[in-house]
Amino acid sequence: MIRVIKLYKTFKTPDRRVVKALVDFSTHVKKGEVVVIIGPSGSGKSTFLRCLNRLEDVDRGEIIIDGENILDKKADINKVREELGMVFQHFNLFPHKTVLENVMLAQLIVRNRTKQEAVEISNGLLDKVGILDKGNAYPAQLSGGQQQRVAIARALAMQPKIMMFDEATSALDPEMIGEVLDVMKTLAREGMTMLAVTHEMGFAREVSDRVIFMDEGQIVEEGTAEHFFTNPINERTKLFLSQIL
Amino acid sequence: MLFNRRSIITLAVLVVIAGCIYYFLTKRGITYIWHWESIPEMLFYYGTKSAGETTPHLHLGVLMIGFILTLKISVVAIIFAIILGTILGICRLSTEPVTRGISIAFVELIRNTPLLVQIYIIYFFLGSMLRLSAFTAGTAALAIFEGAYVGEIVRSGIQSIHKGQMEAARSLGMSYSKAMRHIILPQAFKRIIPPLAGQFISLIKDSSLVSVIALADLMFQGQQAVARTYSAFEIYFTVALLYLVMTSVLSMGTQYIERRLSISD
Chain A
18 MIRVIKLYKT FKTPDRRVVK ALVDFSTHVK KGEVVVIIGP SGSGKSTFLR
68 CLNRLEDVDR GEIIIDGENI LDKKADINKV REELGMVFQH FNLFPHKTVL
118 ENVMLAQLIV RNRTKQEAVE ISNGLLDKVG ILDKGNAYPA QLSGGQQQRV
168 AIARALAMQP KIMMFDEATS ALDPEMIGEV LDVMKTLARE GMTMLAVTHE
218 MGFAREVSDR VIFMDEGQIV EEGTAEHFFT NPINERTKLF LSQIL
Chain B
187 MLFNRRSIIT LAVLVVIAGC IYYFLTKRGI TYIWHWESIP EMLFYYGTKS
237 AGETTPHLHL GVLMIGFILT LKISVVAIIF AIILGTILGI CRLSTEPVTR
287 GISIAFVELI RNTPLLVQIY IIYFFLGSML RLSAFTAGTA ALAIFEGAYV
337 GEIVRSGIQS IHKGQMEAAR SLGMSYSKAM RHIILPQAFK RIIPPLAGQF
387 ISLIKDSSLV SVIALADLMF QGQQAVARTY SAFEIYFTVA LLYLVMTSVL
437 SMGTQYIERR LSISD
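Residue numbers (the working numbering), protein chains in the order written: chain A, 18 to 262; chain B, 187 to 451.
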């Protein structure tokens, strides 16, 4: 479903140093696969997700989603993004819109659904993430966990083929992490193709098909969650895991 | 809310200032004979306007006629300043160097030359080429001048919105323009209401400059009335008060809007 071939991405820092975020990065994700990406900060995990929906421009390489090279100049990036749901660390809900409007807006102006359809779908999704009663509240009136669940519902409303989670639980208070992870687990079990940057190894163990450990823009080690718990091979992997587990 | 504490304090300060001026004039031995009685008929008068009118009616006096024209000029100029300013603000942030360059050059050119000169240029040069009326030329000059400032305010407003908002909108498949229209601009405008209000208050006051192209606004009517009656103090105080009414209403209006929009905070 997703094929990434020899991706390179560099950033220029304000003091003109060049930071290599992704170096010769290749991977593929099958339909229905749940992939967890772990690694120290600055290892390129988020950059990888952001390159997939072109929030970042890639230096070189290929990203093929459903047979289409999305880095091609002819590719309609808005169409590509409709199929890629993204959930951000800081939720990024639209603060001037109610919860229901947040979930409905893109359905109306991107998917061109009727208002009635959008309301039905939105309420269904809000029910699914457990905050149906908050439809008329504004994001600022919700807790972090509730906001992130709205953000998930908002992404799902586009009925994407792939969902990406960029440290979706990192900005949450500890007691709210569980409610967001539960929603993510439900999605994974329903067969959604998922890419999740997270350090929640419990989540990885429960629902992931594969874990990728990244460092300095490259894949260092790759395998099942069990593999990482029982016999990680690389020294850097071991060191990293000893710190987060 | 018309008589909240702030407006009462403002009024009290004005009365004290007026008192000081009066005291100063009399103490210095300047004998000025006040003719306040001639002011009301400059606002409203009851009678017949032309020979054709048989029954007397309530008519607008010269200052009210000027007041209404100033109001018209200001409202039209504000609307066009918002439109121009939004376009300038968005272009200023474009990744396209030419678009950005034009916007920067325009803003700098307009902001760094006097409005009075611009009014003359637009009226005498463009006005005679394009056959613009004094109203069109004067209002256009104001809208362009204030639009340049509004452009900078809009730019700062857009820049103040966290970039995660644009990313979230784009990741949902919205185009740049849809994201701007539905996500970024509504939030930016809410945030820039206070500086915009200040700018529009300036606009109302700056509109007095269009009197130089014989546009019969409040200032022009005031000057004419002074030339006729020599009651300079009374008339200019009244003119100032009428400007104050317009700007205060705008101030209160924007405070009301701000309160209304703060429900989502």
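Think of the CB as a built atom: it goes at the ideal place given N, C-alpha and C, for glycine as much as any other residue.
Output yes if chain B places a C-beta closer than 9 angstroms to the C-beta of A:G65; else output no.
According to the sequence displayed, residue 65 of chain A carries Phe and not Gly. A:F65 is outside the set of residues whose beta carbon lies under 9 angstroms from a beta carbon in chain B.
Look up A:R227 in the DSSP assignment and say whether it is helix, strand or coil.
strand
What does the alpha-carbon distance come out to for the pair B:I369 and A:F111?
7 angstroms
Go through its chain and collect everything with a Cβ distance to B:I390's Cβ below 6 angstroms, but skip five positions before and after it.
S260, M432 and T433
Looking at the structure shown, is A:S160 part of a helix, part of a strand, or coil, going by DSSP?
coil
Write down the C-beta distance between B:K235 and B:H245 rounded to the nearest angstrom, noting that I regard them as a contact closer than 8 angstroms.
5 angstroms
For A:E233, tell me which candidate among A:S139, A:R20 and A:G59 has the shortest Cα-Cα distance.
A:G59
For B:A198 and B:G205, I'd like the C-alpha separation in whole angstroms.
Looking at the two C-alpha atoms, the distance is approximately 11 angstroms.
Rounded C-beta distance between B:Y429 and B:L447? I'm assuming under 8 angstroms.
About 27 angstroms; that fails the 8 angstroms criterion.
Candidates A:E196, A:V21, A:P57 and A:R33: which alpha carbon is nearest A:K47's?
A:V21
Consider the Cβ of B:L279: report whether some Cβ of chain A lies at a distance smaller than 9 angstroms.
Not a single C-beta of chain A is nearer than 9 angstroms to the C-beta of B:L279.
Chain A partners of B:L382, CB-CB under 8 angstroms?
Within chain A, no residue has its beta carbon less than 8 angstroms from that of B:L382; the closest one is some 17 angstroms off.
If you compare alpha carbons, which of B:I443, B:L200 and B:T415 is closest to B:W220?
B:T415
Can you name the start and end residues of the alpha helix (DSSP H) that A:R67 belongs to?
K62 to L69
Is there at least one Cβ from chain B nearer than 9 angstroms to A:F182's Cβ?
no
Looking only at C-alpha atoms, which of B:M360, B:R367 and B:V340 sits nearest to B:R377?
B:V340
On the DSSP bridge assignment, give the partners of A:R77 in chain order.
A:Y25
Of all the CB atoms in chain A, is at least one closer than 9 angstroms to the CB of B:S450?
yes
Is there a Cβ of chain B sitting closer than 9 angstroms to that of A:Y25, yes or no?
Put simply, the CB of A:Y25 is far from chain B, with every gap to its CB atoms at 9 angstroms or more.
Between which two residues does the alpha helix (DSSP H) harbouring A:T44 extend?
Looking at the DSSP string, A:T44 is not in any alpha helix (DSSP H); the run it does join, the beta strand (DSSP E), is V35 to V46.
Return the CA-CA distance between A:A135 and A:K145, expressed in angstroms with no decimal places.
Distance between A:A135 and A:K145, taken at the CA atoms: about 15 angstroms.
For the segment 341-373 of chain B, which residues have a beta carbon sitting closer than 7 angstroms to at least one beta carbon of chain A?
G350, Q351, E353, A354, R356, S357, L358, G359, M360, S361, K364, H368, I369, P372 and Q373
Answer yes or no: does any C-beta atom of chain B fall closer than 9 angstroms to that of A:I80?
no
Please look up how many angstroms separate the CB atoms of A:L117 and A:G162, rounded, as I've assumed it's under 8 angstroms.
Incorrect: roughly 18 angstroms between the Cβ atoms, too far for contact.
So B:T299 and B:S393 are in contact, right, with Cβ under 8 angstroms, and what is the actual spacing, rounded?
Actually they do not touch by this definition, with Cβ atoms about 18 angstroms apart.
Going along chain B in order, which residues have a C-beta closer than 7 angstroms to the C-beta of A:L122?
H368
Which residues does DSSP list as the beta-bridge partners of A:Q235?
A:D232
May I ask which residues mark the beginning and end of the alpha helix (DSSP H) holding A:A242?
A242 to T247
For chain B, is any of its Cβ atoms less than 9 angstroms away from the one on A:K114?
yes
For A:V97, collect the residues of the same chain with a Cβ closer than 8 angstroms to its Cβ; drop the 5 residues on either side in sequence, then sort them by chain order.
N70, R71, I82, E85 and I87
Name, please, each residue of chain A whose Cβ falls closer than 8 angstroms to the Cβ of B:K376.
H113
Are the beta-carbon atoms belonging to B:A334 and B:V284 less than 9 angstroms from one another?
no
Quickly, what does DSSP pair B:L244 with across the bridge? List them, please.
B:Y232
Compare the Cα-Cα distances from A:V36 to each of A:K26, A:E252 and A:G78 and report the closest residue.
A:K26
Assess, as a yes-or-no matter, whether the segment 178-186 of chain A is touched by the segment 215-222 of chain A under the definition of 3 or more beta carbon pairs within less than 8 angstroms.
yes
Quick check on A:N109: does DSSP put it in helix, strand or coil?
When DSSP states are grouped into helix, strand and coil, A:N109 belongs to the coil group.
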